[in-house]
Every structure is written in C-alpha cells, then in structure tokens.
Amino acid sequence: MEQETPAALRRTAEEGARLAGRVLAERFQGERTIEFKRSSIDLVTDADTAAEEVLLRFLRERHPGHSILAEESGASRGSELRWLIDPLDGTTNYAHHVPHFCVSVAVDGPDGVLAGVVYNPMLDELFSAARGEGATLNGRPLKASATTELERALLCTGFPYDVREKPDGPVGLLNHFIRRAQGIRRTGSAALDLAYVAAGRFDGFFEFNLKPWDIGAGSLLVTEAGGVMSQIDGSPFDVMKGNVLAGAPGLAAVLQRECRQALANLGWDPRP
C-alpha cells in the first residue's frame, strides 16, 4: 500500500513528532510533576505522558492497524509494522529545564527500521530519514563525519539507569576514550546523540542498555547519512539489543576495535 512506503511513513513520523514536540515546548517553562520508575535516576514527567498521549492518538488515527511500542505505555499488538516512540528523550534534562531533549519516532518491520524522525522542538531541528532515501535536517541532506583518526574525534556517550549498580563497563569505556579521543560529551539524550552522529557533529557514540524507542529513529538516521551502526563489540546492530555503537564510516572499525579491547581488559561482557 502506498501509504506504507518508507517515504509516506516518514511523513507520518514527522507530523507526529512535531505534534508531540509542541506539547513539550508549551510545557517546558512550567512546573514539573515528576515520578520515578526503575530507579532514583529514571524519571517520568507530566510532559512525557501528555506528549505520548497526543502522539499515540495521532498514530492510531493515521494507522489503526499498526503495532506500537512506546516508552511510557508499553506495547500494543497489530500488524507487522510497529511504531517505536519515545515522547521525551532527555527527561532528566527536561525536568531540570535544560533545553536539550527530543521526540523520537520510528517505524520498523520484519527487515528493520523503515522510517525515523528525531525532533528537537527547542531548536526546531527535525532530523528525518526513510530507508534508501537518505537522511535530512529540516530538509537538507545529512552526511556523517569524514573523520578517520580517533585523536581527532569528538565522541559522545551516556550512562544506563543501572550505572550505579554496574559502573565498570560504562565508566571503563569512558575512561578509555578520554585518553584517546579529542573529546567526549555526555548530553543526556541518546536519540539526539545518534542524530548528531548522522549530522557529523559527533564522530561516534556508545552506550549500554538502551531501548528500541531510544535508538530506532537514530539508528536509521546514522546509516542513511553514511555512518555505521553496530553493537558495542562490533557485532551486527539489532534495534532490540541496546548496547550500541555508532560511528563515522572511516572511524567505526577503529571504535569497534577499541571497545572490544577496553571491555576485554575490564573483563566485561558487553552482551545485554
């Protein structure tokens, strides 16, 4: 059906992301209602819930037969096409009034992610991709970085919610790359980090224990912009496996090798 082509699904994702982003922007300066989920550093706010409700309503009206996997409301069954949605990636930033967060919307099928959008409403930056059609930022083509040397690379990472209980892998890799890369950033939004790799702003990104809604859209942005997605140990990328490594095309193999070496030295098993 024409309405389920990657290009058409991308248009749906773009429209839905903008709707949810408008909710986040409107509530950004207001008082936050904050609850805790799995740990004291895993938050959900009233804005997460409100944005997800708007996005779910829109997707169900547009594609009532599709499946949905959403961060806050979980899974709903439907067709083999499945929406992966995070209404607010960067919740801790949002809760502290730090304007670095986004909406992430992707749709996948039996052969992988077909379309994905990451939208930062505070900068009005819409990162968008459809399989086989490239990636764009506000309509302009994206291309991953041409960096090939780790010493010249700006990397990005994040810490999983169980980092206090299991710090060795995440902190060990951070310590490893601090000594080798030009610089490392920790921004608090995995979806935006992946979008920034696609845009060539970051040369690489790594993080443990991410969820499909964190990485669905961003992974397609990276590959459609010419970058490389894999698991942290270099094995093939799988949106359902959350130990993620993204890199510029000329740097990805170096990052994979460095990660394997560092984790072996730590005695850390990178499998989820």
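Here our numbering is used: the first residue of the sequence shown is 348, the next is one more, and so on. For every residue, glycine included, the Cβ atom is placed at its ideal position computed from N, Cα and C. Note that the structure is a prediction, hence the values are computed from the model and not measured.
Residues sharing a beta bridge with residue i, DSSP
| i | result |
| --- | --- |
| Asn467 | Glu472 |
| Arg429 | Ser414 and Asp455 |
| Thr504 | Phe553 |
| Asp436 | Cys449 |
| Ala360 | BP columns for Ala360 are empty, so no partner. |
Nearest-angstrom Cα separation, counted from residue j out to residue i
| i | j | result |
| --- | --- | --- |
| Glu605 | Lys588 | 20 Å |
| Ala372 | Phe448 | 10 Å |
| Val464 | Leu610 | 32 Å |
| Val370 | Ala595 | 33 Å |
| Ala564 | Leu470 | 18 Å |
| Ala482 | Thr570 | 8 Å |
| Val452 | Arg407 | 14 Å |
| Thr438 | His413 | 26 Å |
| Ala600 | Pro488 | 24 Å |
| Asp580 | Gln603 | 6 Å |
| Glu351 | Asp515 | 43 Å |
| Val694 | Gly530 | The shown model of the chain, from 348 to 619, leaves out residue 694, and the question about it has no answer. |
For residue i, the first and last residue of its enclosing alpha helix (DSSP H)
| i | result |
| --- | --- |
| Asp393 | Asp393 to Arg409 |
Three-state secondary structure assigned by DSSP to residue i
| i | result |
| --- | --- |
| Thr483 | strand |
| Arg526 | coil |
| Val445 | coil |
| Pro457 | coil |
| Thr495 | coil |
| Leu598 | coil |
| Thr352 | coil |
| Leu489 | coil |
| Cys370 | Note that residue 370 is Val in the sequence shown, not Cys. Helix, per DSSP. |
Cβ of residue i within 9 Å of any chain D Cβ
| i | result |
| --- | --- |
| Thr570 | Among the protein chains of the structure shown there is no chain D, as only one such chain exists. |
Exercise for the section: Please go through the stretch 508-583 and give each complete alpha helix (DSSP H) segment of 4 or more residues, from N-terminal end onward. Expected result: Listed in chain order, the complete alpha helix (DSSP H) runs (minimum 4 residues) inside the stretch 508-583 are 515-525, 537-545 and 559-571.
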